[in-house]
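Chemist: Dropping a structure here in structure tokens format, bear with me for questions.
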Amino acid sequence: MDVIVRRKLDEARGRLSFHHFLQLAPWALLTGLSLMLILRGLALLFPVFPDLPPTVWVAAMLGPLLAAGLVAIFCWRSLVVVARAVDARAPTRDRFLTALKLDRNESAAFGQAVQNEVAAFASSFRLKEHLRLKNPGRNLLWLLLPLAGLGALELFQQWRTLRLAPELAKARQMMVETGLAADRQAEKNPEFEKVVRELELATERFSDSTEPLRDALRALAELEQKLSAATAALSSGEASSLAEALGGEHPQLAADLRLGNNQSAAAEISRLDPGALARALEEAARHGENSRLRELAQQSGSEAQRRLVSILQNSGGSGGESARRKFLSELSDIKSGTSAAGEQAEGGEEGEAGETPNGAEKSAPAQAENAPPGGAPGSEKDLGRGADLAGEGERGEDTRAVEEFVQGKAGEGSSLVEIFRAAGNDDPKAAQAYRSAYGTALPAALDAVNREEIPAGSRLLVRRYFEAIRPKE
Amino acid sequence: MIADPEKLATEFREAFQRLRAEMEKVLVGQDEAIRGVLTAFFAEGHALLEGAPGLGKTALVRTLAGAAGLNFSRIQFTPDLMPADIIGTNLIVEDEHGRKRFEFERGPVFANIVLADEINRATPKTQSALLEAMQERHATVAGVQHPMQRPFLVLATQNPIEMEGTYPLPEAQLDRFLLKLHVQYPGADDLHEILQRTTREHFPVVAPVRLENAEALRDLVRSVPVVREVEARAIQLVLATHPDRTESVPLAKKFVRYGASPRGAQSLMLCAKINALLDGRYHVAKDDIDAWAIPALRHRIILNFEGEAEGVTAEAVLREALAK
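Here it is in structure tokens:
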């Protein structure tokens, strides 16, 4: 092939590749923008989806463009394809294709003549005039679609940020106050350093949430539950079940358990044979169907002994226990303050966390909307004091059962009964205490919902319900 | 092998232009027909001229013979014309010694250029008498072959208007024609020019053009190279006229009974080669093929009954194929 023809074809290949790339570029950009639109939409709709860093944007735009470039180069890699395209677009009379394809041996007479003629033609042939770029205007218009979509998403994000600002501020304030309370306790008790860290993590988590107040309340409720579980002493039912199981061989221990002498009971249990204690726990768990006793019974004898001693000692007012109780009390106050502010806002008054003029007005309905059935976790309703729990006592009222020895009519000797005074909805004449009934019903219900194949949402609903009716400590 | 194709190609173009110039002295407004006839002349193919009476079909052929300085014979085809009237016959002749013998008396077909005037007026039997001469370039009489002179061209004319008492040419014979040319009616300016030239004292005189290298020029035409991709265009056009092929166009599928023959592709390629040489190129382009597709293929397409009834023409089928 003649050098001039070769040069012309190379030039044509460059032009055709570039034009092809420019034709593909709008579609590549469209692909990139659509991808970004989808990812941005997912990030907005589902908070679990991470917000996209700028590198993703750059990759999403440059990736398709690079692919378009590679496609353009690949499509025009063959000179025959280039020659065919040039001959089709320009009045070359198939000269370039002939120059490439002509078999010199077959057409020896004319071979050189053809090459000379094509070379002469190629030297005066102006590619620029014939290989003009097509107007990509219509293709570019398609880009407006994803751009408009991204703009709409950005507006939606701005609107939502503005809408959630008061609620977020309130949630943050609550977490800050809780954090300060935990900090104060952490100075005395290193156990609370972990609590502080957990609070910081929770605060980070709900900063991108669409329901910050609800998430904050949930985080606090979980914390409260965890601390409560750590502080909870044996219930009277548990104590009486265990006393009954131990009563035969250790009457003093049984009496101490019944009378609530936890410290002396702890001392005696620590001296017991772990095997005997394990047997007693098994029996008590069988009789009382109590989850905690059952849990202890499933552990090894020495471990169960150690934990039981710990539970009894802690319930006796140790330093860690008092710190937890104090913190829980503060936490309760913080949460109550939030609820009160929410109720005030609902009543049309300006809330204390109203950074925007109508912030409080917005936050209250938002809180109400976001509240789970039976009340938000950690809210007033969640504490078992909501109006949905008929018959519960007023806030601050003592709901603990007081045990008294009374002369019963049923038997000859004295018997232990529990009398509940204003203990929520407990009927003084009820055969079983509310707390005890709750303690029995909760594990049974949780076992059932965990065992049965039911939707996850319904499982959560049952848990929430039991959280809502949990008896006050 | 051709020694200097570029020089010979230049000679070819000059010869073509000179012949055309001489013919245009007599014929006005028939550029396409002149070009077609000259193409047939250099491709050594036969041409069928179709046009209304008085458009100069006969004059065109006669002028070509005069300009090329070749033997010319005219056969007026009539229903009672016999094959022997065309080819010739053996006559009993007596020599000086009184002995009698058969001697072949050559018919009018033994000329360089044969004008078969109103060829569709003769019976198919007589029309077929030309078949051997046209294809094999010899005539067989009483078992003896009589070769034709070179070049040998049959330029036939037919009148498409008068169908009464005519015999359409058989497909086999139609296929022997390289081109079918339509002689168009001249425009007003051309008619003025015709009157100027033919109704005055001096009638234009055609000067014969000396073609010393006529054989070499015809060989040159066949030497023009064609690359496979360009050749594919001719094949695509031919196959597009076949109703049962995947390459066929919708009109062909619906209205064509038989498509163009391989001989059509050969004719198309020869004409395209001449076109390339006249354009100053030494290779065939797709445009050259497209330029001659209709004259070279239209008489080889046989329409079906629906096509005839709908008034579809072979030209319409070919235009659709060209647009593909």
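Protein chains in written order, with the working numbering: chain E, 757 to 1229; chain Z, 803 to 1126. Using N, Cα and C, we set each Cβ at its ideal position, and we do this for glycine too.
Hey, could you find the ends of the beta strand (DSSP E) Lys-890 (chain E) is sitting in?
Modeler: It is not in any beta strand (DSSP E) - Lys-890 (chain E) carries neither H nor E in the DSSP assignment.
Chemist: Can you give me the C-alpha to C-alpha distance between Pro-1064 (chain Z) and Arg-1035 (chain Z), rounded to a whole angstrom?
Modeler: Taking the straight line from one Cα to the other gives about 13 Å.
Chemist: Verify the CB distance criterion: does Asp-1089 (chain Z) have a CB-CB separation below 8 Å to chain E?
Modeler: It does: the Cβ of Asp-1089 (chain Z) has a partner Cβ on chain E nearer than 8 Å.
Chemist: Among Z:Lys-1088, Z:Tyr-1084, Z:Ile-1076 and Z:Ala-1111, which one has its Cα closest to the Cα of Phe-818 (chain Z)?
Modeler: If we check each option's Cα against that of Phe-818 (chain Z), Z:Ile-1076 comes out closest.
Chemist: On the DSSP letters alone, give me the boundaries of the beta strand (DSSP E) that Ser-875 (chain Z) sits inside.
Modeler: From DSSP, the beta strand (DSSP E) with Ser-875 (chain Z) extends over 874-878.
Chemist: Closer than 8 Å, CB to CB, is Glu-1017 (chain Z) near chain E or not?
Modeler: Closer than 8 Å: no.
Chemist: Report all residues from its chain with a CB closer than 7 Å to the CB of Pro-1097 (chain Z); omit the five preceding and five following residues, and keep chain order.
Modeler: Closer than 7 Å at the Cβ level, and outside the excluded window around Pro-1097 (chain Z), lie Gly-838, Leu-981, Lys-982 and Leu-983.
Chemist: Considering only their Cβ atoms, is the gap separating Val-828 (chain Z) from Asp-992 (chain Z) smaller than 8 Å?
Modeler: Result no, Cβ atoms of Asp-992 (chain Z) and Val-828 (chain Z) do not sit closer than 8 Å.
Chemist: Counting contacts by CB-CB distance shorter than 8 Å, is Asp-758 (chain E) in contact with chain Z?
Modeler: No, no contact with chain Z.
Chemist: Between the alpha carbons of Phe-954 (chain Z) and Trp-832 (chain E), how many angstroms are there, rounded?
Modeler: Using only the alpha carbons, I get a separation of about 50 Å.
Chemist: Measure from the alpha carbon of Arg-1219 (chain E) to the alpha carbon of each residue in E:Glu-910, E:Gln-981 and E:Ala-999, then state which is nearest.
Modeler: When only C-alpha atoms are compared, the closest one is E:Gln-981.
Chemist: Name the DSSP bridge partner or partners of Ile-915 (chain Z)?
Modeler: Paired residue(s): Z:Phe-874 and Z:Leu-955.
Chemist: So, does the CB of His-1085 (chain Z) fall closer than 8 Å to a CB anywhere in chain E?
Modeler: So yes, His-1085 (chain Z) belongs to the interface.
Chemist: At the level of alpha carbons, what is the spacing between Glu-1136 (chain E) and Ile-1090 (chain E)?
Modeler: Its pLDDT being 40, under 50, Glu-1136 (chain E) is placed unreliably by the model, and the measurement read from it follows with that caveat. Approximately 12 Å between the Cα atoms of the pair.
Chemist: Output the residue ranges of the alpha helix (DSSP H) runs that lie fully inside the stretch 971-1001 of chain Z and measure 4 residues or longer, sorted by chain position.
Modeler: Within the stretch 971-1001 of chain Z, the complete alpha helix (DSSP H) runs of at least 4 residues are 973-978 and 990-1000.
Chemist: Are the CB atoms of Val-911 (chain Z) and Ala-886 (chain Z) within a distance shorter than 8 Å?
Modeler: Cβ atoms of Ala-886 (chain Z) and Val-911 (chain Z): not closer than 8 Å.
Chemist: On the DSSP letters alone, give me the boundaries of the beta strand (DSSP E) that Pro-949 (chain Z) sits inside.
Modeler: 946-949 is the span of the beta strand (DSSP E), which, as asked, contains Pro-949 (chain Z).
Chemist: Between Val-814 (chain E) and Leu-789 (chain E), what straight-line distance do the alpha-carbon atoms span, to the nearest angstrom?
Modeler: One C-alpha to the other measures close to 11 Å.
Chemist: Report back the beta-carbon spacing between Phe-777 (chain E) and Gly-825 (chain E) to the nearest angstrom; my notes put them in contact at under 8 Å.
Modeler: With a Cβ gap of about 5 Å, Phe-777 (chain E) and Gly-825 (chain E) count as contacting.
Chemist: Beta-carbon of Glu-1033 (chain Z) versus every beta-carbon of chain E: anything under 8 Å?
Modeler: For Glu-1033 (chain Z), the answer is no, since every Cβ of chain E falls outside 8 Å of its Cβ.
Chemist: Whole alpha helix (DSSP H) runs in the stretch 805-873 of chain E with 4 or more residues, listed along the chain?
Modeler: If we require 4 residues or more, the alpha helix (DSSP H) runs fully inside the stretch 805-873 of chain E come out as 810-831, 835-845 and 851-857.
Chemist: Just how far apart, CA to CA, sit Leu-979 (chain E) and Phe-802 (chain E)?
Modeler: Taking the straight line joining both Cα atoms gives about 25 Å.
Chemist: In the DSSP assignment, what residue or residues form a beta bridge with Gly-890 (chain Z)?
Modeler: DSSP, once it has assigned bridges, lists Z:Arg-908 as partnering Gly-890 (chain Z).
Chemist: Report buried or exposed for Asn-1018 (chain E), applying the criterion of at least 16 other Cβ atoms within 10 angstroms of its Cβ.
Modeler: Burial call: buried.
Chemist: Could one say the Cβ of Arg-849 (chain E) lies closer than 8 Å to chain Z's Cβ atoms, at least one of them?
Modeler: Yes, because at least one Cβ of chain Z sits closer than 8 Å to the Cβ of Arg-849 (chain E).
Chemist: Could you tell me whether the stretch 1037-1045 of chain Z touches the stretch 850-868 of chain Z, using the rule of 3 or more Cβ pairs below 8 Å?
Modeler: Because the criterion of three Cβ pairs below 8 Å is not met, the stretch 1037-1045 of chain Z and the stretch 850-868 of chain Z do not touch.
Chemist: Excluding the 5 residues preceding and the 5 following Gly-1011 (chain Z) in the sequence, name in chain order all residues of the same chain whose CB lies nearer than 8 Å to its CB.
Modeler: First, the amino acid is wrong: residue 1011 (chain Z) is Val here, not Gly. Hits under 8 Å: Ala-817, Arg-820, Leu-821, Glu-824, Ala-869, Ala-870 and Gly-871.
Chemist: Could you work out which residue in E:Leu-1198, E:His-1006 and E:Ile-760 is closest to Arg-1027 (chain E) when comparing CA atoms only?
Modeler: It is E:His-1006.
Chemist: Out of curiosity, what's the CA-to-CA distance linking Asn-798 (chain Z) and Ala-913 (chain Z)?
Modeler: Because chain Z is modelled from 803 through 1126, residue 798 (chain Z) falls outside the range shown and cannot be assessed.
Chemist: For Ala-1116 (chain Z) and Arg-762 (chain E), I'd like the C-alpha separation in whole angstroms.
Modeler: C-alpha separation (whole angstroms): 42 Å.
Chemist: Mind checking whether Ala-1054 (chain Z) and Ala-1067 (chain Z) have CB atoms under 8 Å apart?
Modeler: Contact: no.
Chemist: Whole angstroms is fine: what's the gap from Ser-997 (chain E)'s alpha carbon to Ser-1058 (chain E)'s?
Modeler: Going by the C-alpha atoms only, they are around 20 Å apart.
Chemist: Against chain Z, does Arg-763 (chain E) count as a neighbour if the rule is that its beta carbon must be under 8 Å from one of theirs?
Modeler: No - not a single Cβ of chain Z is within 8 Å of the one on Arg-763 (chain E).
Chemist: Please classify Thr-959 (chain Z) as buried or exposed, where buried requires at least 16 neighbouring CB atoms within 10 angstroms.
Modeler: Thr-959 (chain Z) should be labelled buried.
Chemist: Give a single yes or no on whether Arg-882 (chain E) has its beta carbon closer than 7 Å to a heavy atom of the ligand MG.
Modeler: By its list of ligands, the structure shown contains no ligand whatsoever, and the ligand MG lies outside what it can speak to.
Chemist: Looking only at its chain, what residues have a beta carbon closer than 7 Å to the beta carbon of Leu-1033 (chain E), apart from the 5 residues adjacent to it on each side?
Modeler: Excluding positions up to five away in sequence, the list reads Ile-1025, Gly-1057, Ala-1060 and Gln-1061.
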